[in-house]
Amino acid sequence: EKVNDTEKEKILEKANTAKHKLLYLEGEEGNMHVYPIYSDAETGFECISHIEDESLSKVKKENQDDDDIKTTKHLAQWSSDVVHKYLEEAIERTKFIFESSNMKCRHEEIFRRIKS
């Protein structure tokens with residue numbers, strides 16, 4: 017049977033005065049379904065939410081620690097790669113400078129680098 021609007025309003029008024037909270041869901045055919053909502057204390061599960069919060073925060077912290085370790089390793093590897101690339105390029109450029117210049121230019125370059 018379909019519940020008309022007046023009956024729905026009566027049901028809602030009763031819910032406001034009821035001891036327990038009620039959840040009202042309207043079905044596909046317009047039928048009103050009433051579901052009682054109990055607190056954790058009423059069902060004996062008052063510790064559940066606290067325990068779940070603790071376990072979720074612990075998992076989050078462990079995952080965060082893992083992420084931090086992975087990030088640190090990644091950054092260390094990246095910086096090491098950058099340094100190696102820079103040194104390889106510097107060595108190649110230095111070789112090119114010395115190979116393409118005469119002995120006098122080489123000595124001038126060496127002295128210039130020593131002074132700086």
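Numbering-wise (our numbering), the sequence shown opens with residue 17 and increments by one. Quick reminder that beta carbons are idealized off the backbone N, C-alpha and C, glycines included.
In the DSSP annotation of this structure, the continuous segment of the alpha helix (DSSP H) that includes GLU125 starts and ends at 119-131.
Per DSSP, the unbroken beta strand (DSSP E) holding TYR40 starts and ends at 37-42. When beta bridges are read from the DSSP output, ILE53 appears opposite LYS37. Straight across, the Cα-Cα distance linking ASP97 with ILE64 is about 49 Å. It is roughly 48 Å from the alpha-carbon of GLU45 to the alpha-carbon of GLU78.
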